[in-house]
Structure formats: C-alpha cells, structure tokens
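Enquirer:
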Amino acid sequence: MSLTYEDVIAKYEPVLGLEVHVELNTNSKMFCGCSTIFGGEPNTQTCPVCLGMPGALPVVNEKAIESSILIGLALNCSITPFSRFSRKNYFYPDMPKNFQISQYDEPICVNGYLDVEIDTDEGIKKFRVEIERVHMEEDTGKSLHVGGATGRIHGADYSLLDYNRAGIPLVEIVTKIVPGTGKYAPEVAKAYVAELRDILRSLGVSDVRMEQGSLRCDANVSLRLIGAETLGTRSETKNVNSLRSVERAVRGEMIRHAELLNKGERVVQETRHFQEESGLTRSGRSKEQAEDYRYFPEPDLVPVAPDAAWIETLRATLPEQPTLRRKRLQSEWSVPDKEMAAMINADALDIVEATVNLGADPTRARGWWLGEISRIANEQGVTISDLKISPTDVAQIVALVAQGDLTDKLARQVVEGVIAGEGTPASVIESRGLKVVSDESALMAAIERAIAAQPETAEKIRNGHIPAAGALIGAVMKETKGQADAARVRELLLTHLGQPSD
Amino acid sequence: MSNLSRSDVAHLAHLARIDMTDPELDALANELDVILEAVARVQEVATPDIAPTSHPLPLRNVTRPDVVTPSLTPAAALSGAPASEDQRFRVPQILGEES
Amino acid sequence: MITRAAHEMSAAMASGEISSVELTQAHLDRITSVDAQVHAFLHVDTEGALAQAQSVDDARARGESVGPLAGVPLALKDVMAQQGIPTTAGSKILEGWRPPYDATVVSKLKAAGVVILGKTNMDEFAMGSSTENSAYGPTHNPWDLTRIPGGSGGGSSASLAAFEAPLAIGTDTGGSIRQPAAVTGTVGVKPTYGGVSRYGLIAFSSSLDQAGPCARTVLDTALLHEVIAGHDAHDATSIDAPVPQVVRAAREGSVKGMKIGVVKELNGDGYQAGVRSRFEESLELLAKAGAEIVEVSCPNFEYALAAYYLIAPSECSSNLARFDAMRYGIRVGDEDGASAESVMNLTREVGFGREVKRRIILGTYALSSGYFDAYYGSAQKVRTLIMQDFNKAFTSADVLVSPTCPTTAFKIGEKANDPLAMYLNDIATIPVNMAGIGGMSLPCGLAPEDGLPVGFQVMAPAMQDQRMYSVGAALEASLLSQWGAPLLSQIPALVGAK
Chain A
1 MSLTYEDVIA KYEPVLGLEV HVELNTNSKM FCGCSTIFGG EPNTQTCPVC
51 LGMPGALPVV NEKAIESSIL IGLALNCSIT PFSRFSRKNY FYPDMPKNFQ
101 ISQYDEPICV NGYLDVEIDT DEGIKKFRVE IERVHMEEDT GKSLHVGGAT
151 GRIHGADYSL LDYNRAGIPL VEIVTKIVPG TGKYAPEVAK AYVAELRDIL
201 RSLGVSDVRM EQGSLRCDAN VSLRLIGAET LGTRSETKNV NSLRSVERAV
251 RGEMIRHAEL LNKGERVVQE TRHFQEESGL TRSGRSKEQA EDYRYFPEPD
301 LVPVAPDAAW IETLRATLPE QPTLRRKRLQ SEWSVPDKEM AAMINADALD
351 IVEATVNLGA DPTRARGWWL GEISRIANEQ GVTISDLKIS PTDVAQIVAL
401 VAQGDLTDKL ARQVVEGVIA GEGTPASVIE SRGLKVVSDE SALMAAIERA
451 IAAQPETAEK IRNGHIPAAG ALIGAVMKET KGQADAARVR ELLLTHLGQP
501 SD
Chain B
1 MSNLSRSDVA HLAHLARIDM TDPELDALAN ELDVILEAVA RVQEVATPDI
51 APTSHPLPLR NVTRPDVVTP SLTPAAALSG APASEDQRFR VPQILGEES
Chain C
1 MITRAAHEMS AAMASGEISS VELTQAHLDR ITSVDAQVHA FLHVDTEGAL
51 AQAQSVDDAR ARGESVGPLA GVPLALKDVM AQQGIPTTAG SKILEGWRPP
101 YDATVVSKLK AAGVVILGKT NMDEFAMGSS TENSAYGPTH NPWDLTRIPG
151 GSGGGSSASL AAFEAPLAIG TDTGGSIRQP AAVTGTVGVK PTYGGVSRYG
201 LIAFSSSLDQ AGPCARTVLD TALLHEVIAG HDAHDATSID APVPQVVRAA
251 REGSVKGMKI GVVKELNGDG YQAGVRSRFE ESLELLAKAG AEIVEVSCPN
301 FEYALAAYYL IAPSECSSNL ARFDAMRYGI RVGDEDGASA ESVMNLTREV
351 GFGREVKRRI ILGTYALSSG YFDAYYGSAQ KVRTLIMQDF NKAFTSADVL
401 VSPTCPTTAF KIGEKANDPL AMYLNDIATI PVNMAGIGGM SLPCGLAPED
451 GLPVGFQVMA PAMQDQRMYS VGAALEASLL SQWGAPLLSQ IPALVGAK
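So the sequences go chain by chain: A, B and C.
Using the UniProt record's numbering, the first residue of the first sequence is number 1, and each one after it goes up by one.
Using the UniProt record's numbering, the first residue of the second sequence is number 1, and each one after it goes up by one.
Using the UniProt record's numbering, the first residue of the third sequence is number 1, and each one after it goes up by one.
1. Measuring straight from C-alpha to C-alpha, what distance separates Y101/C and P74/B?
2. Three-state secondary structure (DSSP) at residue 100/B?
3. Return the residue from the list I430/C, K190/C, F323/C, W483/C that minimises the CA-CA distance to M468/C.
4. Identify the contact partners of Q93/B in chain A, using a Cβ-Cβ distance below 7 Å as the criterion.
5. Does the segment 311–321 of chain C come into contact with the segment 366–385 of chain C, if we say contact requires no fewer than three beta-carbon pairs (one atom in each stretch) closer than 8 Å?
6. Leaving out five residues on either side along the sequence, give the residues of the same chain with a beta carbon under 6 Å from the beta carbon of F390/C.
7. Can you tell me whether Y113/A is buried or exposed? The criterion is at least 16 other CB atoms within 10 Å of its CB, across all chains shown.
8. Could you check whether P68/C and P166/C sit closer than 8 Å to each other, using their CB atoms as the reference points?
9. Listing by chain order, which chain A residues have their CB less than 9 Å from the CB of P74/B?
10. Kindly say whether E315/C, judged by its beta-carbon, lies nearer than 8 Å to any beta-carbon of chain A.
11. For L400/A, count the other beta carbons within 10 Å of its own beta carbon; 16 or more makes it buried, fewer makes it exposed. Which is it?
12. Per DSSP, what kind of secondary structure is N121/C in: helix, strand or coil?
13. Going by DSSP in three states, Q481/C sits in which element: helix, strand or coil?
14. Take the Cβ of A79/A as the centre, count every other Cβ of all protein chains shown within 10 Å, and call the residue buried at 16 or more, exposed below.
15. Quick one: what's got a C-beta closer than 8 Å to G33/A's C-beta in the same chain, skipping five residues either side?
16. By the 7 Å beta-carbon criterion, what residues does the segment 76–110 of chain A contribute toward chain C?
17. Quick check on this structure: which residue in A393/C, R383/C, A421/C has the alpha carbon closest to the alpha carbon of A51/B?
18. Give a yes or no on whether the C-beta atoms belonging to R278/C and A447/C are separated by under 8 Å.
19. Which residues in the same chain have their Cβ closer than 7 Å to the Cβ of L310/C, if we skip the five residues on either side of it in sequence?
20. With DSSP as the reference, label I18/C as helix, strand or coil.
21. Between the Cα of S197/C and those of I239/C, D220/C, G188/C, C214/C, spot the shortest distance and give me the residue it belongs to.
22. Looking only at C-alpha atoms, which of V79/C, G84/C, A12/C, Q37/C sits nearest to E47/C?
23. Using 8 Å as the limit for Cβ to Cβ distance, is E31/B near chain C?
24. Use the C-beta contact count for P319/A: other C-beta atoms within 10 angstroms, 16 or more gives buried, fewer gives exposed.
25. Chain E beta carbons: is any one of them nearer than 8 Å to that of T53/B?
26. So within the segment 137–172 of chain A, which uninterrupted beta strand (DSSP E) runs reach at least 3 residues, ignoring any that extend past its ends?
27. So which residues of chain B does E62/A contact, with C-beta pairs closer than 8 Å?
28. So within the segment 413–456 of chain C, which uninterrupted alpha helix (DSSP H) runs reach at least 4 residues, ignoring any that extend past its ends?
29. Is the number of C-beta pairs between the segment 347–364 of chain C and the segment 128–145 of chain A that are closer than 8 Å three or more?
30. Give the interface partners of M80/C over in chain B, defined as CB-CB distance under 7 Å, in chain order.
31. When the cut-off is 8 Å and only beta carbons count, does Q43/B lie next to chain C?
32. For chain C, find out if any of its Cβ atoms is closer than 8 Å to the Cβ of R17/B; answer yes or no.
33. Rounded to whole angstroms, what is the Cα-Cα separation between T392/A and A360/A?
34. Apart from the five residues just before and just after D334/C, which ones in its own chain have a Cβ nearer than 6 Å to its Cβ?
35. Please state whether DSSP places F163/C in a helix, a strand or coil.
36. Looking at T404/C and F372/C, is the spacing between their C-beta atoms short of 8 Å?
Take a look at the structure:
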C-alpha cells in the first residue's frame with residue numbers, strides 16, 4: 001500500500017514552490033518604535049500602533065525597507081521604482097487590526113533567482129530557483145492555548161494573546177514554480193532554504209534562526225505525470241522549522257500526493273501543517289473556497305519609491321555572496337571538501353575566518369574550533385559562538401603553541417579555562433601555571449631520574465632500540481606534569497643516550 | 001443592475017464578522033440595491049485611460065528611523081481588555097487552524 | 001463672558017479681568033444648565049478641565065508667557081483619543097474605553113494650555129450628517145431643538161452655538177465639520193489633508209479624514225488652526241511643510257484683487273431658495289470688498305457623491321475590523337463554549353449601529369473580488385477626475401465658493417430612514433475631501449423662509465488654507481457691519497439658560 005520514494009519519482013514529476021518568511025533583525029518594529037527583542041515578558045513590547053488601537057497609525061521603518069532592498073539585490077531581483085503597501089483583510093485574534101499590512105500587487109523586489117548546488121551520486125548538480133517577488137509585511141501576535149489536553153488550539157478552552165511579536169517586520173520571499181528538479185526536489189528545497197539562510201545571514205538583515213521562527217518556510221508541492229504539461233493540485237505545508245524538515249516535508253508530501261493520485265483520488269488544495277515528530281503533515285484550512293482578502297492600497301501609508309541613488313548606495317554595501325566566499329576560503333585555506341562541509345555544517349566559517357584574520361594558521365584555527373571547542377559546545381548543548389571564547393583567544397593560543405610556549409595538551413587546558421570564564425589565555429596560563437618547562441637543566445635532571453628508575457629500558461635505547469624511548473619520555477612528562485615539550489625531551493634523551501635524535 | 005439576495009448579504013456579513021438576523025439581511029439587501037444603483041454611476045466616467053487616485057497627497061518614501069521608543073506598560077496595554085490573564089489578553093477559544 | 005469670542009476671552013484673561021478657572025467654571029455651569037436639552041456632550045471632564053485651567057492661571061501668575069489660546073475652554077469631538085478619558089466615537093462598541101494615549105491634536109491642545117471641557121457627541125464613527133446615528137442619542141440644534149445640528153460633528157458645533165464652549169475640534173471626512181457649522185451658524189474649517197495629524201483620530205476613511213478647528217468667529221478658528229496644525233512623525237500622511245499663515249490672513253481679511261470662483265455645479269437646482277439668496281448676497285458683499293467673482297465649472301463633481309459612498313465605506317470596512325471584542329471595547333456572548341469568532345460576530349452585531357453596518361457591508365462588497373474594479377477602482381478614477389476639475393478651476397480662481405449645504409437644518413427623524421436623501425446633504429462638501437484640499441464654512445445669514453442659519457463654503461488649493469481665512473474674514477466683517485451683531489446673537493435663548 002505505502003509507496004516508496006522510488007515508486008513516486010518513477011511515475012511523477014514534482015513541482016515545487018517555496019515561500020520563506022524572514023523576520024528582519026531591525027531594532028524596532030515595522031510600523032512603530034516597539035522593541036523587537038526575542039523572548040520578552042508578554043505584552044511589554046506593545047503600543048497603540050501594534051495593538052491596533054483606535055486612532056493609531058503606522059509609519060514604515062526605514063531600515064526594513066533597506067533590508068528588503070538588500071535582500072532583493074542579493075537575490076538578483078529588480079527593485080521596483082514604485083511599490084506600495086496594501087491591506088490584507090481577514091479576521092484572526094492574533095492580528096490586532098484584523099488586517100495585515102502587506103505588499104500585494106506592487107512588491108518592492110521582483111524577478112530574481114538563486115542558484116543552488118546539491119551533492120548527488122552523479123556529482124555536484126546545479127539548479128536555478130527563480131524568485132517571483134520579495135515583499136514586506138508585518139508579523140502577528142502569539143497565542144497560548146489554555147485547557148484541553150495538548151496545549152493545542154483544538155480542544156482549548158480559551159486562548160491568551162501576547163502581541164510582542166505583532167508588527168515585527170517580515171520579508172516574504174516567494175519563488176516562481178520550480179519544475180525540473182525530478183528526484184532531487186527534497187534536496188533542492190533544502191539547499192534553497194539553506195543558501196537563502198546563508199545569504200540573509202551574510203547580509204546581516206535577520207537572525208535566521210529557524211528554531212525561533214525568525215526564518216519560516218512554507219513548501220508548496222504538486223505532482224504531475226512525467227511528461228505532462230498541466231500542473232497538479234498543490235498543497236501548502238506550513239510550520240517547517242528546520243532545514244531537515246524542509247526536505248522531509250517535501251518528500252512526505254510527494255509520497256502522500258502520489259498515493260492519492262494512484263488511488264484515483266484527488267489532491268485537495270489546502271494548507272497542511274508539518275509535524276516534526278512524525279515527519280507527516282496534517283490537514284489545516286482548505287483553500288478550496290478561496291479567502292476573499294479584499295486587498296486595497298493602505299491609505300495610512302504612502303508609496304515606497306526608491307531612487308537609483310538609494311539603491312546603488314545599498315548595492316555598494318552588499319557582502320560577498322556566500323557560495324563564492326566559501327569557494328574562495330576553501331582554496332585559500334586548502335581545505336578538503338569533507339572538512340569544508342563539516343565547517344559549514346557547524347556554522348564555523350565566520351569564526352574560523354575571524355581567527356585566521358588575526359594571524360592564525362587556517363588549519364590550526366579550524367582544528368581548534370571544530371575539535372576541542374565544538375566538543376565542549378556539544379557537551380553544553382550550545383553553539384560555538386555562544387561560548388566565552390573569541391577568535392582573538394584562539395589566535396593567541398595558536399600562536400603560543402607555534403612558539404613552543406604551549407604544548408597541544410596544555411593548550412587544551414587553556415581553551416577549557418578561557419571557556420570556563422577564567423580570563424584571557426595569558427591569565428589562564430598564569431593562574432593555572434601552564435607554562436612549558438623549557439629549563440633544559442631541569443629537563444636533564446628529570447631525564448637522569450627516569451634513566452635511573454628504568455635502567456633496562458635505557459640500556460635498550462643505548463643498543464639502538466629507539467621505540468623504547470617512549471616509556472622514558474612518558475616518565476619525564478609525568479614528572480613535569482605534562483608541561484614539558486615532549487619533542488624536546490625526546491631529543492635530549494636520545495642525544496644523552498648516544499642515539500640520533502631525528 | 002445588481003440584485004442582492006439575502007444570501008449575498010449573509011456572505012458579506014460573514015466576511016465582515018457581523019451576526020445579522022434574517023430581517024436585517026433582507027432590509028439591507030433592499031437598501032444596498034438602491035445605494036449600489038446610485039453609486040454605480042461612477043462607472044459612467046471611469047474609463048480605462050484614467051489613472052486611479054488612492055490618496056490625495058503625492059508623498060513618497062515617508063519613513064521613520066529604526067529607533068526603539070518606549071512601549072506602553074503591560075498594565076496600560078491591557079487596560080481596555082475585556083478579559084486578561086497572566087499579562088495576556090484572554091480571548092474565547094479560537095476555532096480554525098493553528099497559526 | 002461665555003458669549004464672547006475666544007480671542008476676547010483670551011484678552012480678558014491676559015488683562016486679569018477673569019481667570020481661566022472662572023472662565024472654565026462658567027462654561028461648566030452653562031453645560032450643566034443647557035446640555036440636557038442640547039446633548040452636545042457625551043462626557044464632561046470637570047476635574048481635568050479645572051486642573052488644566054488652574055495650571056494656566058498658575059503659569060500666568062508666575063509671569064510665564066502662554067499661548068494665545070491658553071486657558072480657553074474647548075469641546076473635543078469624541079472621535080479623538082484622549083488619555084484616560086472615555087472615548088467612544090459615538091459607538092456602543094467602544095463604551096467604557098479609556099485610551100492609554102493622547103491623539104497628537106490632544107497633545108498639542110494640552111501643550112498650548114487649551115482647556116478640554118469634555119467629549120462631544122457625533123454620528124457613530126463619524127458616519128452621518130445629523131448626529132442621529134450616535135449610539136448615545138441625538139444632539140439637538142440650539143437654533144431649534146427639534147432639528148438636527150448636522151453631522152457627524154453635531155455635538156461640537158452645537159456646543160459652540162449653545163455657548164457651552166467657544167472652541168471645538170471636529171473631523172471632516174465628507175463634510176462633518178462644515179455641514180454642522182453651516183446648520184448651527186458657526187465656523188468650521190477642514191484643513192488641507194495632511195495639514196493636521198490624524199494620529200489618535202479614530203479612523204473612518206483614512207484617505208479622506210481630516211481634523212480641523214471649529215469656533216464662532218473666523219479669527220478664533222484660525223487661532224485654533226495654528227495650535228493643532230503641523231507635521232507629525234506619527235502620521236505618514238502628514239505634510240512636512242510650514243503651517244499656512246492662517247491667523248495673519250484672518251486678521252488682515254482682505255480679498256482685494258482676489259478671484260473668487262463660483263462653482264456652477266454646486267448651486268441651483270436642489271438648493272433651498274433661502275440658501276441661494278443668502279449665498280448670492282454674500283457674493284455681492286465680497287465683490288464690494290474688492291474681489292472679482294467668476295464662474296467656474298467642475299463637471300465631474302456630480303459623480304463625487306457616488307465615488308465617496310464607495311471609497312469611504314470601503315476604507316471603513318477595513319478600519320472598523322479592529323473592533324472585535326478581543327483587546328478593548330465591549331464583549332458580547334462570551335459564555336461557556338463560545339468561540340472567539342462567535343463573540344466577534346455577536347459583539348459587532350450588537351455594538352455597531354445600523355448606518356455603520358450598512359457602510360461596512362457596502363464597503364465589503366465594493367472591495368470583494370470580482371467587484372473591486374467596477375466599484376472601488378472606478379471610484380478612484382472619479383477621484384482623479386475631481387482633482388483635475390479642481391486643478392483647472394484653480395487656474396482661473398484663487399478660491400472657489402458655494403453654499404455649504406443644499407438646505408438648512410432638517411427635522412430630527414425626517415431623513416432617518418432614507419439613506420440616499422441623507423447622503424445628499426454632503427453633495428457640496430464631498431469634492432473637497434476627495435481632492436484633499438481645504439474647505440471652510442462660515443455663517444452668511446438666516447434663510448428667510450425658516451429663520452435658520454445658512455453656510456457659505458470657501459475652498460482653497462492644497463496648502464493654501466490661508467486664502468479661505470482671507471475670504472472668510474472679509475465676508476464675516478462685511479456681514480457683521482450689515483447685521484450690527486454676530487448672527488448667534490439672534491439665536492433663541494435656551495430654556496434653563498442663565
């Protein structure tokens with residue numbers, strides 16, 4: 001009964017459409033001066049405007065317009081010379097005015113594209129996702145459903161509304177339909193959202209944290225028989241809150257549609273909700289009787305008509321495109337593909353680059369951030385950027401190791417100390433007494449003691465059995481509490497016992 | 001030209017979230033017929049070559065700087081609420097979908 | 001003292017003849033005495049008014065310089081949000097709501113030391129021409145208590161005519177300042193759209209609404225105009241330019257060399273005989289004062305009313321969506337098991353009056369898919385045509401004039417069941433709102449057939465509001481010298497008046 005993915009793609013061609021909502025990271029809301037900080041106490045970031053009080057009026061946040069233009073430019077869009085806000089009229093308790101101020105037929109950016117690459121069995125494949133529009137709108141408040149078993153809306157006795165989020169600037173990025181991805185549709189969807197996220201992050205316009213909802217993806221999926229011209233009926237899956245979910249949701253919907261179509265049933269045009277646990281979607285509102293939103297130009301706002309000078313000023317601030325930057329850094333640092341992927345996956349690119357820019361060797365810098373520091377971050381359940389260690393700290397540690405002032409083992413303790421909040425690498429070294437023992441007479445004394453304690457081992461070495469040196473080096477390291485440079489100890493030991501040291 | 005039925009008006013009343021009685025719907029259907037006939041006169045002169053005016057002022061790009069200004073206190077924000085709980089607006093159960 | 005002009009009261013306070021507290025108390029007493037009959041006020045803020053009066057008196061006593069209207073009482077239309085003061089917009093749905101903020105106009109009044117006596121009655125959400133649509137009962141015209149005081153700002157104008165306040169704030173979407181001024185024998189100005197901030201004005205039709213000053217003389221109106229006008233960063237449609245010099249124009253009151261255009265289409269058939277004769281007489285006076293009277297034609301004005309009754313309801317259907325019983329206002333039907341939607345539906349059914357519901361439904365229809373282009377879209381094109389008519393007319397005249405209304409005040413209840421007849425009242429005032437220009441109404445006499453006030457309308461190009469004051473002050477002066485006393489001196493005394 002249940003179809004496999006292979007069954008689906010053998011018969012059908014998927015067509016994608018992706019709508020991504022991004023919360024901009026402006027300081028204040030889209031139409032009023034309330035703060036946008038995440039996680040505030042309920043209704044502490046509200047005012048007459050974002051509560052939709054009688055008489056209150058919106059005024060557009062200039063930074064939100066600039067961020068939207070930057071997004072459009074980064075996505076190769078045309079910036080429209082004349083754009084407007086409209087009112088989208090529908091009633092819902094989380095929307096204070098019972099209309100959303102949004103851009104409708106006159107969005108700020110149109111007709112762009114984003115190229116994405118995915119790694120397949122047949123090698124790297126490139127897909128172009130065409131962007132239909134980028135437009136500005138405002139977010140809604142949040143409801144807390146009380147009563148009932150699940151805390152969900154269904155079965156709740158009543159709801160409690162917090163409007164802190166109401167009016168936070170949103171940018172919606174809508175693709176044109178994306179045909180031709182074939183079996184790679186789920187990966188293309190994921191890669192598109194990932195690439196978009198990287199671009200938005202590089203622009204600095206959003207926190208792009210899917211888990212906090214500052215980047216939300218709605219995935220439209222339809223199927224048609226391979227070779228067919230007309231599009232199938234689509235479903236729109238909301239609540240897709242991680243990159244992995246984007247892929248799962250598209251794959252899941254493809255299978256669900258195919259099962260319906262194979263049984264001769266029709267796909268209902270509707271909104272569906274993605275459920276993280278099962279990876280399945282649940283039916284939401286049917287769109288068969290299309291909502292009549294009665295759009296009309298927002299009379300409280302005037303048109304946005306950016307002139308060429310404004311656009312060019314913004315264009316000049318565009319950062320390097322993430323894909324190009326990744327390629328450049330990979331070659332500059334000579335990073336193997338696999339490790340590059342790991343670094344991107346760990347969101348470590350920025351932090352490693354910052355460390356390298358402070359003079360650290362790229363391989364060493366990468367080693368620290370992806371090795372010891374990532375391990376500690378994992379243990380604490382945070383990301384590396386949340387830890388109390390900066391690129392400056394890591395660059396100093398790398399330098400100290402290179403100068404022979406620290407061994408790798410000591411350096412790990414320094415890292416641990418810095419993360420634990422004990423101060424800069426220098427102060428950790430100082431307070432923990434982690435300096436390498438470089439006094440050669442002290443080392444020689446320790447070597448003499450080790451030889452005296454293990455005369456037979458020493459004899460073996462004198463007879464040319466070099467591997468036996470390990471035991472004596474270990475003893476010296478133990479005596480110096482690891483603060484000696486093992487390589488130097490080996491050198492001194494072998495020379496002392498009349499053996500070549502290299 | 002138009003002839004609104006009770007169910008037409010009921011649909012509009014639903015869109016506008018007003019729970020009208022049947023007599024009210026019937027009365028309104030008749031009134032709207034008369035009014036719509038009168039206002040439909042705009043179509044006599046609204047030829048395709050005329051640009052629409054949605055606003056009397058030719059203003060463009062009126063914005064505010066991205067600066068945080070003081071919000072209301074939660075007490076002030078909630079002062080007019082028919083019901084509140086835990087510093088939130090309390091509303092009856094919301095039917096429909098999760099948003 | 002209460003029958004004097006505001007600028008005279010101000011002078012009396014400056015000379016020490018009277019204090020603001022005394023002046024305010026005199027008006028509060030007058031309200032107590034006559035408002036049971038007039039019903040101009042929905043809320044009287046005795047405490048707040050006296051406190052503000054006291055602080056102005058204190059400032060004066062300290063020798064601080066205060067503004068020209070400091071200490072003068074004012075009646076505020078209940079459509080303006082005033083912090084902590086009940087604000088209903090004449091609707092039951094907002095019963096008991098006390099805004100947590102001040103409208104910009106209110107902030108400016110407070111800063112100027114104006115004493116806000118209370119909130120005045122109005123047609124619900126400013127929809128109406130008679131104040132009969134108030135959820136709190138009608139206001140009565142002080143000239144004849146069986147007649148309407150105009151609308152929607154009937155409370156504000158009636159309070160002026162009844163000497164309950166020398167100044168008032170109105171709002172004008174299709175004539176709601178000018179028509180009440182006309183039928184009560186008072187002065188009212190709708191400034192250029194964007195001249196006065198709309199922040200805190202409970203919206204009816206955002207692209208048409210404009211707050212403005214009301215008073216008993218042209219100069220008082222100008223003084224109040226300058227207090228409330230000016231750019232406001234909280235209103236994106238506010239004009240960022242200097243306020244026209246309306247006080248100077250009102251003081252000079254000169255029409256020498258001015259071209260005054262009589263709009264052919266806003267006169268004649270459908271206009272009451274006494275309205276026409278008073279209007280003609282006023283034209284003669286203006287000609288005598290040195291103006292050149294020309295005739296202009298605005299052929300598309302005949303479509304203005306139709307376009308207005310599409311645009312205003314469309315915008316109102318959206319503006320009034322926020323009244324949903326969730327965050328403020330009344331809540332109906334919140335019983336066990338009720339849903340948010342059913343509570344919204346019931347509250348809006350019970351909380352809105354008939355006219356408001358009629359317009360919401362009309363607007364919902366005009367904006368709905370399939371009808372948008374035919375109705376809302378066409379109305380916007382008519383708006384373009386009306387603006388073109390004005391632009392053309394203003395090439396041959398500095399200002400345009402017409403009677404403010406086709407008739408004098410009609411009887412309460414007379415047109416209550418005929419919306420179209422009611423809408424016709426606004427036929428001469430609506431074009432001004434459609435084009436966003438300024439319009440003034442000032443009294444030009446009583447119609448011989450009914451002895452009721454007639455309004456004279458002056459229209460000026462956008463941001464040329466001072467021209468209306470030049471013409472208004474000149475006409476007012478000519479009429480005053482003819483009458484020997486202000487028109488309101490002829491108003492019948494109200495029973496109970498002291």
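All C-beta atoms, glycine included, are put in the ideal place defined by N, C-alpha and C.
Just so you know, these numbers come straight off a predicted model, no measurement behind them.
Expert: Straight from the coordinates:
1. Roughly 13 Å between the two C-alpha positions.
2. Past the edges of chain B, shown from 1 to 99, lies residue 100/B, and the structure says nothing about it.
3. Looking at the Cα atoms, K190/C is the closest of the given residues.
4. Simply A156, D157, Y158, S159.
5. Counting C-beta pairs with one atom in each stretch, the segment 311–321 of chain C and the segment 366–385 of chain C have three or more that are closer than 8 Å, which means they touch.
6. The answer, listed in chain order, is A435.
7. Of the other Cβ atoms in all chains shown, fewer than 16 fall within 10 Å of the Cβ of Y113/A; this residue is therefore exposed.
8. The answer is no: Cβ separation not under 8 Å.
9. E41, P42, N43, T44, T46, listed in chain order.
10. Interface residue, yes.
11. Burial state of L400/A is buried, judged by a 10 Å Cβ sphere holding 16 or more other Cβ atoms.
12. If DSSP states are grouped into helix, strand and coil, N121/C belongs with coil.
13. One point to set straight first is that residue 481/C is Ser, not Gln, in the sequence displayed. Helix at S481/C.
14. Residue identity check: residue 79/A is Ile in the sequence provided, not Ala. With 16 or more neighbouring CB atoms inside 10 Å of its own CB, I79/A falls in the buried class.
15. Only C47 meet the Cβ criterion.
16. Within the segment 76–110 of chain A, the qualifying residues are R87, N89, F91, P93, P96, K97, N98, F99.
17. When only C-alpha atoms are compared, the closest one is R383/C.
18. R278/C places its beta carbon less than 8 Å from that of A447/C.
19. A366, Y375, Y376, A379, listed in sequence order.
20. DSSP places I18/C outside both helix and strand once states are collapsed to three, so it counts as coil.
21. Comparing Cα positions, the closest option is I239/C.
22. Closest option to E47/C, judged by alpha-carbon separation, among V79/C, G84/C, A12/C, Q37/C: G84/C.
23. Yes, its Cβ sits closer than 8 Å to a Cβ of chain C.
24. The C-beta of P319/A has fewer than 16 other C-beta atoms within 10 Å across all chains shown, which makes the residue exposed.
25. The question asks about chain E, but that chain is absent: this structure's protein chains are A, B and C.
26. Runs of the beta strand (DSSP E) inside the segment 137–172 of chain A: 142–146, 158–162.
27. Annotation: Cβ neighbours of E62/A in chain B (cutoff 8 Å, chain order): T63, R64, P65, D66.
28. Counting whole runs of 4 or more residues, the segment 413–456 of chain C contains the alpha helix (DSSP H) stretches 419–423, 430–435.
29. Counting C-beta pairs with one atom in each stretch, the segment 347–364 of chain C and the segment 128–145 of chain A have fewer than three that are closer than 8 Å, which means they do not touch.
30. Within chain B, no residue comes near M80/C; the closest Cβ sits about 16 Å away, beyond 7 Å.
31. By this cut-off, Q43/B is an interface position.
32. By this cut-off, R17/B is an interface position.
33. Going from the Cα of T392/A to the Cα of A360/A covers about 9 Å.
34. Within the same chain, D334/C has close Cβ partners V343.
35. F163/C: coil per DSSP, three-state reduction.
36. At the C-beta level, F372/C and T404/C stay beyond 8 Å of one another.
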